[in-house]
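Just below is one structure, and these are the notes that go with it.
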Amino acid sequence: MKTPNFSILNFKESIFATMTKMAQKNAAINLSQGFPDFDGPPWLMDLVTEAMKSGHNQYAPTHGIVELRKTLAQTYKKIYGLEFDPMDEITITNGATEAIFCTIMALVNPADEVIVLEPFYDSYVATLNLARAKIIPVTLYRKEFRWRIEELTQAFSDKTKLIILNNPHNPTGKVFTREELETIIHLAEQYDAYILSDEVYEFLTFDGVAHLPIATLMKAIERTVTISSAGKTFGVTGWKIGWILACGAISHHIRMIHQFNTFSVCTPMQWGVNQALQRLDEYLPTFRRLYQEKRDFFCQGLIEASYLPIIPKGTYFTVAPIGQLTQLHDVGHCMELIERKKVAAIPPSVFYLKSQEGQEYIRFCFAKKAETLEKALQNLKSRL
Ligand SMILES: Cc1ncc(COP(=O)(O)O)c(C=O)c1O
């Protein structure tokens, strides 16, 4: 048989699939993969059922149903003052993952340089490899997860096509400051690079910290592709409704890929999300409170279990250094946790290309029912 696309020859099963399988095999509590083990609000399910019963069951327009695009335009205007034309500048995708894929495929040519901040969400690097981009990693160093400015500046060159930002940041829970975002914009402008800003956790910020979309700052909107998704905000990661906000010219390029990739996205889910976004004002305070309580409960428990978690300002992840607990690296410690304490976490070294820092901590997801978190903490505190 002839070889497949050589870009995929080094692809391995994703760490999330591996850890989930290991968790199942060892009957461990799964705090590895980033999704809730409880349902989104019941009214949300009713909205989709209603949409199906009303006959919204055939292909949606390739750019997404107009109603949802209009609601998104109103939502981003109201919350952040961002203006996007629903006809030309908003595209509905099969989750943020498809949005990331289409953006990279639309903008990046083989050998173009793309700056990726590490630790990174794993689909960025996989897709960049498919696009045959030259990946330039820039490390966010513990414990504040900040870049060294010389390293960031040196990463940029005339060959830089794109920089990928994830804010709020998975896995670290970092929320980038205005100053950090402005640094990225200055460099992107200087080297005429695009910015892909993955903001799927935009509504999951804590302690009164406000999310600041990079597109709202300076003239970034001209070169930024903002990506988000309903999955995290409404606790329905399986619905896979994402969106891309970008100026008309960039959106056009991305739509050229999207039309031949998924073509269009699940119709009744789009109707459901359209209605749900209109209830955001009443929904968000309870949603944020719920997750902040989970964060506080879980991080306190981790401290009692002798971890020293870095308290996240956003996302539903917390990372905890392991040096005081074990001689093992992240992978070894995660394996030991699964086998001995029956708790699955994620070893972050797989989210780095350059630095070894990922070996020194692990990531837990706290988007879990109270009883799941309690049981996991009990196990972590035990002397097994
Ligand atoms: C940073 C980040 N981006 C994108 C995604 C994928 O989002 P979606 O499920 O909407 O494809 C995730 C999911 O965990 C994520 O953490």
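Straight run, no breaks: the sequence shown in my numbering ends on number 390. The beta-carbon is built from N, C-alpha and C at its ideal position, and this holds for glycine as well. The structure presented is a predicted model; accordingly, all values stated were derived computationally and were not measured.
When Ala194, Ala199 and His258 are compared against Lys167, the one with the closest alpha-carbon: Counted from its first residue, the sequence shown places residue 167 at position 161. Nearest C-alpha to Lys167: Ala199.
How big is the Cα-Cα spacing for Tyr6 and Leu331? What is shown of the chain runs 7 to 390, which leaves residue 6 out entirely.
For the alpha helix (DSSP H) that Ile309 lies in, which residues bound it at each end? Here residue 309 corresponds to residue number 303 of the sequence shown, with the count starting at 1. Unbroken alpha helix (DSSP H) run through Ile309: Leu286 to Glu310.
Which of helix, strand or coil does DSSP assign to Val325? Locating residue 325 in the sequence shown gives position 319, where the first residue counts as 1. Reduced to three states, the DSSP call for Val325 is strand.
According to DSSP, what are the bridge partners of Glu119? Within the sequence shown, the letter at position 113 stands for residue 119. The partner list for Glu119 (beta bridge, DSSP) reads Lys140 and Thr166.
What did DSSP end up calling Ser60 once you bin it into helix, strand or coil? Translated into positions along the sequence shown, residue 60 becomes position 54. Note: Ser60 maps to coil in three-state DSSP.
Would you mind stating whether Gly278 and Val72 have Cβ atoms separated by less than 8 Å? Residue mapping note: residue 278 aligns to position 272 of the sequence shown, counting from 1. Residue mapping note: residue 72 aligns to position 66 of the sequence shown, counting from 1. The answer is no: Cβ separation not under 8 Å.
Pull up the CB-CB distance for Leu290 and Phe209, whole angstroms please, since I reckon it's below 8 Å. Counting from 1 along the sequence shown, the entry for residue 290 is found at position 284. Counting from 1 along the sequence shown, the entry for residue 209 is found at position 203. Confirmed, Cβ separation roughly 6 Å.
Leu379 versus His259 - alpha carbon distance: Along the sequence shown, read from residue 1 onward, the residue named residue 379 stands at position 373. Along the sequence shown, read from residue 1 onward, the residue named residue 259 stands at position 253. Rounded to the nearest angstrom, the two C-alpha atoms are 44 Å apart.
Of the residues Pro174, Ala221, His264 and Glu19, the one placed nearest Gly70, counting alpha carbons only: Translated into the one-based positions of the sequence shown, residue 70 becomes position 64. Nearest of Pro174, Ala221, His264 and Glu19 to Gly70, Cα basis: His264.
To the nearest angstrom, how far is it from the Cα of Lys165 to the Cα of Glu119? Position 159 of the sequence shown, counting from 1, holds the residue named residue 165. Position 113 of the sequence shown, counting from 1, holds the residue named residue 119. C-alpha separation (whole angstroms): 6 Å.
May I ask whether a heavy atom of ligand 1 can be found less than 7 Å away from the beta carbon of Tyr127? For the purposes of this step, residue 127 is identified with residue 121 of the sequence shown, where counting begins at 1. Checking the Cβ of Tyr127 against ligand 1 gives yes.
Which of helix, strand or coil DSSP assigns to Arg389: On the sequence shown, residue 389 is found 383 positions in, with the first residue counted as 1. Looking at Arg389 - three-state DSSP - the assignment turns out to be coil, as it is neither helix nor strand.
What runs of the alpha helix (DSSP H), each 4 residues or longer, lie entirely inside the stretch 21 to 84? 21 to 31 and 48 to 59
According to DSSP, is Arg152 helix, strand or coil? Working through the sequence shown from its first residue, we reach residue 152 at position 146. If DSSP states are grouped into helix, strand and coil, Arg152 belongs with the strands.
Cutting at 7 Å between CB atoms, please list the residues of its own chain near Tyr82, excluding the five before and the five after it. Working through the sequence shown from its first residue, we reach residue 82 at position 76. Within the same chain, Tyr82 has close Cβ partners Leu88, Phe90 and Leu251.
Using 7 Å as the cut-off, classify the Cβ of Lys246 as near or not near the heavy atoms of ligand 1, replying yes or no. In the sequence shown, the residue the question calls residue 246 occupies position 240. Lys246: yes, Cβ under 7 Å from ligand 1.
Are Ile326 and Phe370 close, meaning C-beta to C-beta below 8 Å? Taking the sequence shown and counting its residues from 1, one reaches residue 326 at position 320. Taking the sequence shown and counting its residues from 1, one reaches residue 370 at position 364. In the sequence as presented, Ile is not what sits at residue 326; that position holds Ala. Cβ atoms of Ala326 and Phe370: closer than 8 Å.
With a 10 Å radius around its C-beta and 16 neighbouring C-beta atoms as the bar for buried, classify Pro174 as buried or exposed. The residue given as residue 174 occupies position 168 in the sequence shown. Label assigned to Pro174: buried.
8 Å CB neighbourhood of Thr211 in its chain, flanking five on each side removed: In the sequence shown, counting from the first residue as 1, residue 211 sits at position 205. These residues qualify, in order along the chain: Pro174, Val181, His217, Arg294, Lys319 and Gly320.
Where Ser203 falls, given that 16 or more other Cβ within 10 Å makes a residue buried: Position 197 of the sequence shown, counted from the first residue, corresponds to residue 203. Ser203 is buried by the Cβ-count criterion.
Near Gln365, what residues of its chain come up, given a Cβ to Cβ distance below 7 Å and the 5 sequence neighbours on each side ignored? For the purposes of this step, residue 365 is identified with residue 359 of the sequence shown, where counting begins at 1. Closer than 7 Å at Cβ, skipping near neighbours: His335, Asp336 and Ser355.
If we ignore side chains and look at the alpha-carbon of each, how far apart do Gln39 and Thr159 end up? Here residue 39 corresponds to residue number 33 of the sequence shown, with the count starting at 1. Here residue 159 corresponds to residue number 153 of the sequence shown, with the count starting at 1. Taking the straight line from one Cα to the other gives about 33 Å.
Give me the Cβ distance between Ser257 and Glu95, rounded to the nearest whole Å; I'm assuming they're in contact under 8 Å. Residue 257 sits at position 251 when you count from the first residue of the sequence shown. Residue 95 sits at position 89 when you count from the first residue of the sequence shown. Their Cβ separation, rounded to whole angstroms, is 5 Å, which keeps Ser257 and Glu95 in contact under 8 Å.
For ligand 1, is there a heavy atom less than 7 Å away from the beta-carbon of Ser13? By one-based count along the sequence shown, residue 13 stands at place 7. False, no ligand heavy atom lies under 7 Å from that Cβ.
Please list the terminal residues of the continuous alpha helix (DSSP H) segment that includes Thr189. Position 183 of the sequence shown, counted from the first residue, corresponds to residue 189. Thr189 -> alpha helix (DSSP H) spans Arg184 to Gln196.
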